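S.K.:
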Amino acid sequence: MLSLDIPILFTTLNYSNIFALSVLAFILYTINFYVLYFNRENALPGPLPLPLVGNLFQLAIYGDVAAWAADLRKKYGDMWEVYLGSERHVWVSRADLLDKLYSTSTKSNYKCRTKGNRAIGELKMLKSGVYLNTDVDVWTFNRKMMKLVLTSAEFIDYATKHVPKVVQEMEGYWAKLGYTDNSSDGDDKTFNLPDWFHALSLDSILFLSAGKNGCGLASLFVSISPNSAAPYSAETMNEAKELRDSWSTFLDTLRTAIFVPDFIRLGTPHGLLQRRKYLNNFRWLNNSLLTMIGEKRAEIESYDRNDGLKGDYNMLRLLLVANTPRGPSVSRGSDKIDRAMTDDEIRGLLLEVLVAGIETSASLMCSVIYLVCRNPEVKKKIQEEVDLLFRDDQTRKLQFDDLNKLYYLEAVIKEASRIYTPGPINYRVASQDDEIGGYTWKAGTQFMIDVIGIHHHRAHWSDPDEFIPERFLSESKEVVKHSFQAFGGGLRICPGQQYAMLLMKIVLASLYNRYDIDLANENEKPATAYKITLSCHGLMVKMRRRNTI
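Position 61 (the sequence shown) corresponds to 61 in my numbering; numbering is contiguous.
1) L177 and S225 look like a contact to me (Cβ under 8 Å); what is the Cβ gap, rounded to whole Å?
2) Within a Cβ cutoff of 6 Å, which residues of the same chain sit near L59, ignoring the five residues on either side of it in sequence?
3) Sorted by chain position, which residues of the same chain lie with C-beta nearer than 6 Å to F191's C-beta, five sequence neighbours on each side aside?
4) Starting from Y427, follow the beta strand (DSSP E) in both directions and report where the run begins and ends.
5) If the criterion is Cβ atoms closer than 8 Å, does the pair V386 and L409 meet it?
6) Buried or exposed for K481, going by 16 or more other Cβ atoms inside 10 Å?
7) Who are the near neighbours of T421 in its chain, counting only those whose CB is closer than 7 Å to its CB and skipping five residues on each side?
8) Run through DSSP, which three-state label would I468 get?
9) Quick check: the Cα distance between Y439 and N42, rounded to an integer number of angstroms?
10) If we count the other Cβ atoms within 10 Å of its Cβ and call it buried at 16 or more, is H460 buried or exposed?
11) Looking at the strands, I want to know which residues DSSP matches up with W441.
12) Give me the residue from Y407, N287, H198 with the minimum Cα distance to G357.
13) Excluding five sequence neighbours on each side, which residues of the same chain lie with their C-beta closer than 7 Å to the C-beta of R339?
14) Here's the rule: buried if 16 or more other CB atoms are within 10 angstroms of the residue's CB, otherwise exposed. What is N521?
15) Distance check for I27 and P51, CA to CA, integer angstroms please.
16) For Y15, does the count of other Cβ atoms within 10 angstroms reach 16, so buried, or fall short, so exposed?
17) For the putative contact between L318 and F207, defined by C-beta atoms under 8 Å, what is the C-beta separation to the nearest angstrom?
18) Based on the DSSP output, what are the partners of R88 in its beta bridges?
19) State yes or no: is the C-beta of M315 within less than 8 Å of the C-beta of V353?
20) Assign G216 to one of three DSSP states: helix, strand, or coil.
21) Considering only DSSP beta bridges, list what C112 is partnered with.
22) Taking DSSP as the reference, what is the three-state secondary structure of N142?
23) Can you list, in chain order, the stretches of the alpha helix (DSSP H) that have 4 or more residues and sit fully within the region 282–368?
24) Can you tell me whether DSSP reads L50 as helix, strand or coil?
25) If you follow the alpha helix (DSSP H) that L621 is part of, which residue opens it and which one closes it?
26) Excluding the five sequence neighbours on either side, which residues of its own chain have a C-beta within less than 8 Å of the C-beta of I346, listed in chain order?
27) Determine the DSSP secondary structure at Y76, reduced to helix, strand or coil.
28) Which residue comes first and which comes last in the alpha helix (DSSP H) that contains M170?
29) In three-state DSSP terms, what is C373?
30) Throw me the rounded Cβ distance for the S103 and G490 pair, which I believe falls under 8 Å.
31) Counting along the chain, where does the beta strand (DSSP E) carrying I493 start and finish?
32) Check the DSSP bridge columns for F400 and list the partner residues they point to.
33) Could you spell out where the beta strand (DSSP E) holding L519 opens and where it closes?
34) What are the start and end residues of the beta strand (DSSP E) that includes N192?
35) Would you list the residues sitting across from Q446 in a DSSP beta bridge?
36) Grouping DSSP H, G and I as helix and E and B as strand, with all else coil, what is R545?
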């Protein structure tokens, strides 16, 4: 008879034995990890990863993904690899390597940014929205609806009329705070511009996307001048603050979902507590967005069909009526879409507009202000261009056709976004085996496109660290394929780039027409950090009102 003589280690599972088993398992895992690592296909240069965490500990030390990538780029060149957790990421830092990754063909091998993970799935982003959606059919439908609404004549005209109102509100607060009073002794007040641009961007985007008052500018004004009367009711201000706070927490949630592996999120007390907090916030934010959508749907259905949208063409309303009897079809050419969107589909798009648009627009405008202040000849050219547009009338209402004439300002914005890139990394995952950079990669390989590295690569740009807006004027031949990608590239290029440019042109043209803007300290750079996107949180400026008559 066979004897079942099992070692005592496995029959008596006390704490010491469990610990011993855990140590043994970790040792075996470590041996296997490094055997696979040192025998991997297409071994690229890169820092040595640790078991379980990979190179995440290095990212944590840097605290800034762009600074980390910059050092890796200097050390390893145009292609290198890192491990985030146990997943290998291949970094690409040269534009000529991007033809396949940024292919616009419907047969592209790189239609998805990532394979997705459990954390992103918990945020319902694998099958909703456009940013991290891995369902190609759902992504295609959502993207077409979003792009066609954001580029519609109704939305563009609506945005062109609304953004100046938000700028005017901001200027009103500045006047009350004495920021724009021309001091006779030259001792002008200084203030932190990113706070105001962030609030302006939030208020503009929240209203134009969902018809909601973000009260960002009003809240900032009251926080600086607490004795001043609040411009809105306490209920309105509190509701807006709840939404702003929830949005801010969701940004942290998304960063964690992208960069932190599941064994930390689900296997540590801190990770579990953080996950509970983030998911509770996500549920609240989700429910708030669905409530907004439901209210707008009911409001529209209460209208007489002949009233249309009564001139209120925010993104939410246009998405609700698209391809319904109450609104026009958004089918254009080959972009035929046969059905209306569900509330949950619209929720996914609204969430991503808030995530993607607010921080990037605000920080990029701060970059423009800083770089223009450092280059007086550029400032003079901008003011000459916008003065022609306003025709000695600082209150003139700009039309969309006017914005298309701001060639030099657009070049300035593009050059600023090259130097201070809003999105430091782009992602693509291979759906099939493919050749990139002389290597054959298996399906599922995760590529990280080093946008900052490409924006500053000497093979693509002359004097890459210099601020030269003329690179982007029509007669310039400098911009080579894939070397400029402030809004991404390929099939996943940002669908809201036209609106983002519209917002920035209106704000910057208005300010440069009406004010001389200077840095409070000529030697101080803006305080920035890269998380998912560029965040500018410190830039002290002073302003003096111009007399253009």
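Glycine included, C-beta positions come from ideal geometry on N, C-alpha and C.
Every value quoted in this text rests on a predicted model; they were computed, and no experiment measured them.
M.R.: So, from the data block:
1) 6 Å
2) W68
3) Y179
4) If you look at Y427, you'll find it in the beta strand (DSSP E) that goes 425–429.
5) Yes, the pair counts as a contact, with Cβ atoms nearer than the cut-off.
6) exposed
7) V451, I452, H455, A486, L534
8) coil
9) 6 Å
10) buried
11) Partner(s): D434.
12) H198
13) N323
14) exposed
15) 10 Å
16) exposed
17) Your pair L318 and F207 does not check out as a contact, with CB atoms roughly 14 Å apart and the cut at 8 Å.
18) Beta-bridge pairing links R88 to Y83.
19) yes
20) helix
21) V429
22) helix
23) 315–321
24) strand
25) The chain is shown only over 1 to 549; residue 621 falls outside these bounds and no answer can be derived.
26) I293, L316, L319, L320
27) helix
28) Residues 153–177.
29) Helix at C373.
30) Your pair S103 and G490 checks out as a contact, with CB atoms roughly 6 Å apart and the cut at 8 Å.
31) Neither: I493 is in no beta strand (DSSP E) and is coded neither H nor E.
32) Per DSSP, none; premise fails for F400.
33) 515–519
34) 190–192
35) H89, V429
36) strand
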